[in-house]
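Engineer:
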Amino acid sequence: MAVVLILVLIVVGSVLFHVLSPWWWTPIASNWTYIDSTLVITFWITGIVFVAVILFMAYCVYRFRHKPGNTAHYEPENRRLEVLLASGTAVGVAAMLAPGLIVWNQFISVPADAASVEVVSQQWLWSFRLPGADGKLGRAETRDVTPENPLGLDKNDASGLDDVIVEGGELHLPIGKPVHILLRSIDVLHDFYVPEFRAKMDMIPGMVTYFWLTPTRTGTFEILCAELCGVGHPQMRGTVVVDNDADYQTWLGQQQTFTQLTASSGAPPPAN
464 MAVVLILVLI
474 VVGSVLFHVL
484 SPWWWTPIAS
494 NWTYIDSTLV
504 ITFWITGIVF
514 VAVILFMAYC
524 VYRFRHKPGN
534 TAHYEPENRR
544 LEVLLASGTA
554 VGVAAMLAPG
564 LIVWNQFISV
574 PADAASVEVV
584 SQQWLWSFRL
594 PGADGKLGRA
604 ETRDVTPENP
614 LGLDKNDASG
624 LDDVIVEGGE
634 LHLPIGKPVH
644 ILLRSIDVLH
654 DFYVPEFRAK
664 MDMIPGMVTY
674 FWLTPTRTGT
684 FEILCAELCG
694 VGHPQMRGTV
704 VVDNDADYQT
714 WLGQQQTFTQ
724 LTASSGAPPP
734 AN
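Here the numbering used here runs 463 ahead of the position in the sequence shown, where the first position is 1.
1. Pull up the distance between the alpha-carbon of D708 and that of L600, whole angstroms please.
2. So, using beta-carbon positions, are A648 and M664 closer together than 8 Å?
3. Could you tell me if H635 is buried or exposed, where buried requires 16 or more neighbouring beta carbons within 10 angstroms of its beta carbon?
4. In terms of alpha-carbon separation, which member of Q585, R602, A578 and A603 lies closest to G639?
5. Which residue from D626, V573, D607 and E611 puts its Cα closest to that of A596?
6. By how many angstroms is the C-alpha of G716 removed from the C-alpha of P668?
7. Taking buried to mean at least 16 other C-beta atoms within 10 Å of its own C-beta, is G532 buried or exposed?
8. Grab me the residues of L616's own chain with a C-beta within less than 6 Å of its C-beta, minus the 5 sequence neighbours each way, in chain order.
9. Mind checking whether A557 and F660 have CB atoms under 8 Å apart?
10. By the three-class DSSP mapping on this structure, what secondary structure does L593 have?
11. On the criterion of 16 or more Cβ atoms from any shown chain inside 10 Å, does F519 qualify as buried, or is it exposed?
12. Can you check DSSP and say which residues form a bridge with F570?
13. Pick helix, strand or coil for M664, following the three-state DSSP scheme.
14. Between G563 and V580, what straight-line distance do the alpha-carbon atoms span, to the nearest angstrom?
15. Taking the alpha-carbon positions, what's the W486 to T534 distance?
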């Protein structure tokens, strides 16, 4: 009976902890409520299965407890039970996967009017690049990274000369406008994650990964690295600020372009 009681208490305690827990999601600040909905569906399915399995175990322990003279019934195969279990498992897994696949398709289908912003990671620093007056980001290669050119921009690409460079500072985004986030790592595996945006993606050396979002409320939010990237991983934090349009334009006008950054470092000016 003690085992039965323990199993029942595990179920009750787990459900109460989930319902009453003070640790919950931060208020959302982007369009990705779909991700919250997908997580809730997963919680419901796995929660129901967890409760059913543990209570069934408690029932079996009580119902088939040892009694003098009782013998076990041996049944090596039960096709009906196997079909039922396999079908139920398949339906449950499909119910968890289907919403995720739908949201993933939305997550990587970038709107045509989304503005591009590049996030560059390295141990243990976040840097950002935004298009200049031409509205286009120039080419960049990790092999071109130098102290004077920290993001590895191609100096022969005219599209990159007016790119706005923010090294180790805050990233500002305008509210209510879709943003195409391009992700690039200079050294090891990192992951760009803003909990309030519900959006994250691995940053893989040699690749440019991406996702998109639309900020839905102004405020200041913390950027975290969600991959263990070395001894400085816990300190790899940054800040993203969602502004109204006027504040965003003011901030943008205060930032240095690639040409200005190169000139201030004393490096030879980019070729035109």
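The beta carbon of each residue, even a glycine, is placed where N, CA and C say it ideally should be.
Structural biologist: Concretely, from the data shown:
1. Position 245 of the sequence shown, counted from the first residue, corresponds to residue 708. Position 137 of the sequence shown, counted from the first residue, corresponds to residue 600. Those two C-alpha atoms are separated by around 21 Å.
2. Within the sequence shown, residue 648 is the residue found at index 185, counting from 1. Within the sequence shown, residue 664 is the residue found at index 201, counting from 1. In the sequence on display, residue 648 carries Ser and not Ala. Cβ distance not < 8 Å, so S648 and M664 don't count as in contact.
3. The residue given as residue 635 occupies position 172 in the sequence shown. Result: buried.
4. For this step, residue 639 is matched to residue 176 along the sequence shown. Minimum Cα distance to G639 is reached at A578.
5. Here residue 596 is taken as the residue at index 133 of the sequence shown, counted from 1. If we check each option's Cα against that of A596, D626 comes out closest.
6. What you label residue 668 is simply residue 205 of the sequence shown in a count that begins at 1. What you label residue 716 is simply residue 253 of the sequence shown in a count that begins at 1. Approximately 31 Å between the Cα atoms of the pair.
7. Mapped onto the sequence shown, residue 532 falls at position 69. Looking at its Cβ environment, which holds fewer than 16 other Cβ atoms inside 10 Å, G532 is exposed.
8. Your numbering for residue 616 matches position 153 in the sequence shown. Excluding sequence neighbours, L616 sits near G601, A603, G623 and F721.
9. The residue you call residue 557 lines up with position 94 of the sequence shown. The residue you call residue 660 lines up with position 197 of the sequence shown. For A557 and F660, no; Cβs fall outside 8 Å.
10. Translated into the one-based positions of the sequence shown, residue 593 becomes position 130. Strand.
11. Position 56 of the sequence shown holds residue 519. F519 comes out exposed.
12. Counted from its first residue, the sequence shown places residue 570 at position 107. In DSSP, F570 forms no bridge with anything.
13. On the sequence shown, position 201 is the one that residue 664 refers to. It is a strand residue.
14. To locate residue 563, count along the sequence shown from 1; it is residue 100. To locate residue 580, count along the sequence shown from 1; it is residue 117. The straight-line gap from Cα to Cα measures roughly 25 Å.
15. To locate residue 486, count along the sequence shown from 1; it is residue 23. To locate residue 534, count along the sequence shown from 1; it is residue 71. For W486 and T534, the distance between alpha carbons rounds to 48 Å.
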